[in-house]
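As structure tokens, the structure follows; a few thoughts come after it.
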Amino acid sequence: MRAGGSDAPDAMTEAKRAAGWLLKVWPWFAAILSGALATLCFAPFDQSWACWIALTPLLAAIWFSGEGGKRRGARDLLLGYVAGLVFFWSAFFWLHTVTVPGLVMVGFYMAVYFALWGWLAGLVRPRAFVSVWKSGRMPDFRPNDQPLEAPSPWLSSLRNLGLAFILACAWTALEWVRGWMFSGWGWNGLGVALHGILPIIQIAEFTGVAGLTFAVVFVNVIAVVTVRRFIAEAKVAKRRPHYDFTLTMAAIVGLCAYGIRVLQERPVTKPLRIAAVQANVPREEKFSQQFQGKTFFQFARLTRLALATKPPPDLIIWPESSMPGPVLEDESNHRFVMNVAGSMKSDLLLGSIDEDEQGAYNAALLIPGGVGKPQVYRKLHLVPFGEYVPGRHAVPFIAQVVGNQVPGDFARGKEAVVFRLTNGMLVAPLICFEDTLGELTREFVLRGAGLLANVTNDGWFLRSAGAEQHVNNAIFRCVESRRPMARAANTGVTCFVNQFGRVAQVLRDARGSTFTEGVLTGTVEVPTSQRLTFYTRHGELFAKLCGCVALIFLVVRIPQLVRRKSGNT
Numbered sequence: 004m005r006a007g008g009s010d011a012p013d014a015m016t017e018a019k020r021a022a023g024w025l026l027k028v029w030p031w032f033a034a035i036l037s038g039a040l041a042t043l044c045f046a047p048f049d050q051s052w053a054c055w056i057a058l059t060p061l062l063a064a065i066w067f068s069g070e071g072g073k074r075r076g077a078r079d080l081l082l083g084y085v086a087g088l089v090f091f092w093s094a095f096f097w098l099h100t101v102t103v104p105g106l107v108m109v110g111f112y113m114a115v116y117f118a119l120w121g122w123l124a125g126l127v128r129p130r131a132f133v134s135v136w137k138s139g140r141m142p143d144f145r146p147n148d149q150p151l152e153a154p155s156p157w158l159s160s161l162r163n164l165g166l167a168f169i170l171a172c173a174w175t176a177l178e179w180v181r182g183w184m185f186s187g188w189g190w191n192g193l194g195v196a197l198h199g200i201l202p203i204i205q206i207a208e209f210t211g212v213a214g215l216t217f218a219v220v221f222v223n224v225i226a227v228v229t230v231r232r233f234i235a236e237a238k239v240a241k242r243r244p245h246y247d248f249t250l251t252m253a254a255i256v257g258l259c260a261y262g263i264r265v266l267q268e269r270p271v272t273k274p275l276r277i278a279a280v281q282a283n284v285p286r287e288e289k290f291s292q293q294f295q296g297k298t299f300f301q302f303a304r305l306t307r308l309a310l311a312t313k314p315p316p317d318l319i320i321w322p323e324s325s326m327p328g329p330v331l332e333d334e335s336n337h338r339f340v341m342n343v344a345g346s347m348k349s350d351l352l353l354g355s356i357d358e359d360e361q362g363a364y365n366a367a368l369l370i371p372g373g374v375g376k377p378q379v380y381r382k383l384h385l386v387p388f389g390e391y392v393p394g395r396h397a398v399p400f401i402a403q404v405v406g407n408q409v410p411g412d413f414a415r416g417k418e419a420v421v422f423r424l425t426n427g428m429l430v431a432p433l434i435c436f437e438d439t440l441g442e443l444t445r446e447f448v449l450r451g452a453g454l455l456a457n458v459t460n461d462g463w464f465l466r467s468a469g470a471e472q473h474v475n476n477a478i479f480r481c482v483e484s485r486r487p488m489a490r491a492a493n494t495g496v497t498c499f500v501n502q503f504g505r506v507a508q509v510l511r512d513a514r515g516s517t518f519t520e521g522v523l524t525g526t527v528e529v530p531t532s533q534r535l536t537f538y539t540r541h542g543e544l545f546a547k548l549c550g551c552v553a554l555i556f557l558v559v560r561i562p563q564l565v566r567r568k569s570g571n572t
């Protein structure tokens with residue numbers, strides 16, 4: 004031991020150093036935690052409860068750490084960006100089975116939306132929040148940032164509700180922009196995490212997924228301010244009413260009550276017998292002429308199984324790109340498909356490659372029973388880094404990085420084509436990820452579609468969470484439009500979904516896996532009413548209104564901050 008007991012000061016110095024280090028790093032760990040919690044909401048974990056708290060660590064890090072100053076905005080941006088990187092790289096990790104560079108680039112780009120929200124959260128952060136941890140006094144949000152000794156509980160609650168409203172609008176608007184900017188990638192919005200809670204998702208017929216996202220973010224913000232107030236009240240040993248929390252919970256209960264009432268409705272429907280074929284063709288065999296005979300045999304055998312069911316199906320669906328090449332242009336593919344279609348009375352809907360002088364298209368065909376004239380739909384929304392490479396010709400570097408994995412680009416279709424079955428029923432042919440796009444799906448419904456039919460091939464992602472995430476995003480199209488959906492996947496999730504978003508039937512093997520070969524047969528109840536939902540008529544109006552609110556707030560708020568900084572200098 005040193006003379007004079009100098010070990011004690013050394014220990015105190017080390018403790019202070021450790022405490023200082025923790026104060027610096029905990030915000031970054033909190034941002035990482037938010038990204039991880041957001042990932043936990045989606046397949047393969049599917050922990051929907053996590054969405055209600057996913058943003059709370061990030062928000063706490065932005066509001067309750069660090070000092071003010073010119074660099075604070077950049078710090079808030081970076082905290083949000085870190086949370087976004089963690090989320091997108093982990094939630095979409097299955098993309099590595101197709102393109103590792105694409106996964107990296109998607110993460111770098113998508114994280115920008117988290118970053119922008121983090122910056123805005125810092126912008127609306129009341130500076131008095133910091134004083135809560137130091138003095139225990141209730142904060143005021145007035146421009147002079149002087150805390151009130153005893154603010155009205157209603158006034159405090161209204162301020163918190165306003166704060167939650169602005170941040171929920173901003174997040175909802177950013178998710179909407181993410182869904183269309185640069186072709187768009189709107190998967191796994193926070194509202195999608197609620198896909199399995201049928202009562203609450205019924206509001207999607209008015210707001211789309213955006214309304215659910217708004218509710219989730221609103222609850223996250225209210226959770227943070229409520230915990231903050233509890234801590235502040237504990238320090239002064241005084242409890243006060245939390246009207247903001249109570250009103251928020253009442254609103255969520257109200258949404259669930261509405262959904263329960265909707266789920267009890269029994270609309271008039273017309274039964275349609277459907278057989279969805281899942282051939283489970285390995286991706287390395289998919290477009291190989293070497294395996295053409297094997298592919299023909301698989302589809303012929305599975306189609307015979309479908310036709311053997313009683314009563315026979317009205318519609319048989321083969322998945323996306325079911326044949327190893329174009330059907331209408333390739334003689335052998337054309338002969339095989341027409342022979343199968345000519346041998347049955349059922350209509351045949353299949354995914355195919357289509358070609359013309361403009362290029363190749365990812366397409367869907369409907370061949371009426373008895374070999375009527377084929378109806379053709381060419382895909383409108385192409386998947387970046389899957390069906391085309393953004394900036395391939397404008398930015399040579401991108402072509403060098405991913406060009407070997409995506410050697411050519413599909414051409415884009417021109418219009419939404421609705422197929423007419425032999426019995427007169429109208430069908431929306433959605434290809435691949437198009438069933439995750441609400442704005443696109445409503446275009447088909449506005450043209451009279453009563454059934455949504457998705458042909459897809461999630462086999463590109465092997466046995467990953469990509470297939471399950473796909474269907475979880477897709478079921479919201481049924482709620483938004485009040486139309487049922489039949490999905491036929493090459494492999495992944497072949498299923499039938501009713502108009503309330505309930506997955507009614509799923510093709511599984513004896514072990515419960517959806518990655519199998521087989522035929523899913525069943526009766527889909529198609530509503531006879533042509534009623535158009537609010538969402539079908541108006542699309543993403545709710546998200547656009549949220550965007551307007553966020554923009555108006557920024558237009559008003561930023562000049563205030565500039566004037567305040569000018570006054571302080």
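Quick note on numbering: the working numbering labels position 16 of the sequence shown as 19, and the sequence is numbered without any gaps.
Just so you know, even glycine gets a beta-carbon here, dropped at the ideal spot from N, CA and C.
Quick check on the burial criterion: 16 or more other C-beta atoms within 10 angstroms. Buried or exposed for residue i?
i      : result
Phe233 : exposed
Val558 : exposed
Phe302 : buried
Met252 : exposed
Leu25  : exposed
Gly192 : buried
Gln149 : Its pLDDT being 40, under 50, Gln149 is placed unreliably in this model, and the value from its coordinates should be taken loosely. Classification of Gln149: exposed, given that the 10 Å Cβ count is below 16.
Pro562 : exposed
Ile35  : buried
Ser467 : buried
Asp13  : exposed
Ser155 : exposed
Glu268 : exposed
Leu454 : buried
Met141 : Residue placement at Met141 is flagged as unreliable, the pLDDT there being 36, under the threshold of 50; the coordinate-derived value follows with that caveat. By the 10 Å Cβ count, Met141 comes out buried.
Asn460 : buried
Gly105 : buried
Met113 : buried
Trp136 : Model confidence at Trp136 stands at a pLDDT of 39, short of 50, so the residue's coordinates are unreliable; what they give is reported in the following sentence. Result: exposed.
Lys27  : exposed
Pro314 : exposed
Gln50  : exposed
Asn501 : buried
Pro47  : exposed
Arg231 : buried
Is residue j closer than 8 Å to residue i when the C-beta atoms are compared?
i      : j      : result
Val220 : Leu170 : yes
Gly121 : Leu61  : yes
Val496 : Thr517 : yes
Glu208 : Val482 : yes
Val340 : Met326 : yes
Phe422 : Glu390 : no
Phe545 : Ala213 : yes
Glu2   : Glu358 : Because the chain is modelled from 4 through 572, residue 2 falls outside the range shown and cannot be assessed.
Ala431 : Val448 : yes
Ala2   : Leu352 : This structure cannot settle anything about residue 2, because the visible part of the chain is limited to 4 through 572.
Cys54  : Cys549 : no
Leu158 : Phe503 : no
Phe464 : Thr100 : yes
Leu369 : Asp317 : no
In terms of residue numbering, what span does the beta strand (DSSP E) encompassing residue i cover?
i      : result
Lys241 : Looking at the DSSP string, Lys241 is not in any beta strand (DSSP E), and its letter there is neither H nor E.
Val379 : Gln378 to Arg381
Val280 : Thr272 to Gln281
I need the boundaries of the alpha helix (DSSP H) containing residue i, first residue and last residue.
i      : result
Pro202 : Leu201 to Ile204
Trp66  : Thr59 to Phe67
His541 : Phe537 to His541
Cys259 : Tyr246 to Leu266
Glu208 : Ala207 to Thr210
task: For the region 493-535, list the beta strand (DSSP E) runs that are entirely contained and at least 3 residues long, ordered along the chain.
output: Listed in chain order, they are 498-500, 506-509 and 521-530.
task: Write down every uninterrupted run of the alpha helix (DSSP H) in the region 75-117 whose length is 4 residues or greater and which is fully enclosed by it, in chain order.
output: Within the region 75-117, the complete alpha helix (DSSP H) runs of at least 4 residues are 75-94.
At least 3 beta-carbon pairs within less than 8 Å: the region 272-282 vs the region 209-229: As far as the Cβ criterion goes, the region 272-282 does not touch the region 209-229, which means the pair count is below three.
message: Extract the residue ranges of the beta strand (DSSP E) inside the region 284-325, only unbroken runs of 3 or more that lie entirely within it.
response: If one requires a minimum length of 3 residues, the beta strand (DSSP E) runs lying completely within the region 284-325 are 318-320, in chain order.
- prompt: Within the chosen definition, does the region 327-338 reach the region 290-304 through at least 3 CB pairs nearer than 8 Å?
  reply: With the rule of 3 Cβ pairs closer than 8 Å, the region 327-338 counts as touching the region 290-304.
message: So within the region 155-197, which uninterrupted alpha helix (DSSP H) runs reach at least 4 residues, ignoring any that extend past its ends?
response: Fully enclosed alpha helix (DSSP H) runs of no fewer than 4 residues occupy 156-181 of the region 155-197, in order along the chain.
- request: Starting from the N-terminal side, write out each stretch of the alpha helix (DSSP H) that is 4 residues or longer and does not extend beyond the region 334-368.
  value: 334-345, all fully within the region 334-368.
field: Contact the region 507-514 vs the region 231-250: 3+ CB pairs below 8 Å
entry: No: fewer than three Cβ pairs fall under 8 Å.
Contiguous alpha helix (DSSP H) assignments of at least 4 residues, all confined to the region 428-471: Counting only runs that start and end inside the region 428-471, the alpha helix (DSSP H) elements of at least 4 residues fall at 441-449.
field: Stretch pair the region 359-371 + the region 527-543: three plus CB contacts closer than 8 Å
entry: Per the Cβ contact rule, the region 359-371 is not in contact with the region 527-543 (fewer than 3 Cβ pairs under 8 Å).
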